[in-house]
Amino acid sequence: MKILLADDDRVLTTLLTGRLRPRGVEVVVAHDAMQALMSAMRSPPDAIVLDIQMPGGTGLEALRKLKTSTKTSSIPVIVLSGSGTKDTPREVTELGADEFLLKPVDPEALYQALCRATGQAPAPS
Amino acid sequence: MPEMSGLEATAAIRGRENGGRRTPIIAMTARVLKGDREECLAAGMDDYVSKPLSPKALFQAIDAATSGPPRPSQEPLAVIGDGLVAHMGGDRALLRELAAIFLQDYPARLAAVRAAVGQRDPGALEAAVHALRGAAANFGADEAVAAAVRLETMARERNLGGVEAAFAELFGCMTRFTVELGGLA
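Chains as they are written, first to last, in my numbering: chain A, 1 to 125; chain B, 1001 to 1185.
Here's what the structure looks like:
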């Protein structure tokens, strides 16, 4: 499985890369929304993990673009957020996100969500 | 004072004491606004004298702060969550790498929070605290995360009364946390 991980927090991207790689997940990292969009268009991954609270408030806009572009609309997106109201999960689902995970992110929970989103059987840990 | 406020300096000193001997700290301030005293005590100071200084009041405060048995500093806090190594899949090398990344980014993230507090800019403050909180939350760091949430809430609600004490508290928590992280890195 190859995923695109878009988050500006280097601690989190390093943590998730370090924990997902041994499970056979190839992780491409983007540190802002524009970089994420370009990467997804150039080389579509099997799933996208997207922080919607990156600086500039561009995460939701990126989600909208990913879900409306024919090149990327069928790629599952798992949304991460450091905070949110009770409406946030519904809002991101309406924009086409497959799942919503509140930070701090448990790497194992993210792995399970990725397997659900891509229909892959989880590898034993 | 320039460079670092007395509240921040107190928080840093309390952070480094981390449960050890508590050095009495007495605030001297020319500000006599309501709430100043509470702000100083909340930041971990022991007493408060206002300027212009009356020597008698200062000596009384020093006597009060240094008499009797030494007060213990606050309980040492296990700032990094117990489950952290497990969270890292038992991978200590990964934990060290994460600690190093956090410590590399930390001065700039903290400076952004301090600048936003100084400029009383709630928008910048919310964004800056959010980034710092997110990075710290990866390590557990419950105490620092809770202090950051309080500051972030003030910024979001555009209610910056007491923001300096809240920042000093966050600074103290972050100091304890980064000292512990430094031991890992």
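We put the beta carbon where it would ideally sit given N, CA and C, even for glycine.
*May I ask you to list, following chain order, the residues of the stretch 11-27 of chain A that have a beta carbon less than 7 Å from some beta carbon of chain B?*
Val11, Leu12, Thr14, Leu15, Gly18, Arg19
*asked:* Could you tell me the alpha carbon to alpha carbon distance between glycine 119(A) and phenylalanine 100(A), rounded to whole angstroms?
replied: 17 Å
*Can you tell me whether DSSP reads aspartate 51(A) as helix, strand or coil?*
strand
*With a CB to CB cut of under 6 Å and the five nearest residues on each side skipped, what residues in its chain are close to cysteine 115(A)?*
Pro122
*Let me know if arginine 21(A) comes out buried or exposed under the rule of 16 or more other beta-carbons within 10 Å of its beta-carbon.*
exposed
*Could you pull out every residue in the same chain whose Cβ sits closer than 6 Å to the Cβ of alanine 1012(B), ignoring the five residues on either side in sequence?*
Thr1175
*4 or more residues per run - each alpha helix (DSSP H) lying fully within the stretch 1092-1120 of chain B*: 1092-1118
*Closer than 8 Å by C-beta to arginine 1158(B): which residues in its own chain qualify, once you throw out the five before and the five after it? Chain order, please.*
Pro1122
*Residue range of the unbroken alpha helix (DSSP H) whose run includes phenylalanine 1139(B)*: Where phenylalanine 1139(B) is concerned, there is no enclosing alpha helix (DSSP H), given that its DSSP letter is neither H nor E.
_Given leucine 4(A) as reference, the closest of Ile78(A), Gln53(A), Arg64(A) once Cα atoms are compared_ = Ile78(A)
_Contact under 8 Å by Cβ, leucine 66(A) with valine 105(A)_ = no
*Boundaries (first-last residue) of the beta strand (DSSP E) holding serine 1067(B)*: From DSSP, serine 1067(B) is part of no beta strand (DSSP E); its letter is neither H nor E.
*In chain A, which residues lie less than 7 Å from phenylalanine 1102(B) when you measure between Cβ atoms?*
Val11
*Nearest-angstrom Cα separation, counted from alanine 1100(B) out to alanine 1093(B)*: 11 Å
*Decide if lysine 103(A) is buried, meaning its Cβ has at least 16 other Cβ atoms within 10 Å, or exposed.*
buried
*Should the stretch 1147-1165 of chain B be called in touch with the stretch 86-98 of chain A, which here means at least 3 C-beta pairs below 8 Å?*
no
*What are the partner residues of alanine 1047(B), as DSSP defines its beta bridges?*
As written in the sequence, residue 1047(B) is aspartate, which differs from the alanine given in the question. Beta-bridge pairing links aspartate 1047(B) to Ile1026(B).
_Residues near isoleucine 52(A) by beta carbon distance below 6 Å, same chain, minus five either side_ = Gly59, Leu60, Val79, Ser81
*In terms of residues, what are the limits of the beta strand (DSSP E) holding isoleucine 1013(B)?*
Segment 1006-1017 is the alpha helix (DSSP H) holding isoleucine 1013(B); no beta strand (DSSP E) there.
_Coil, strand or helix - isoleucine 78(A) by DSSP_ = strand
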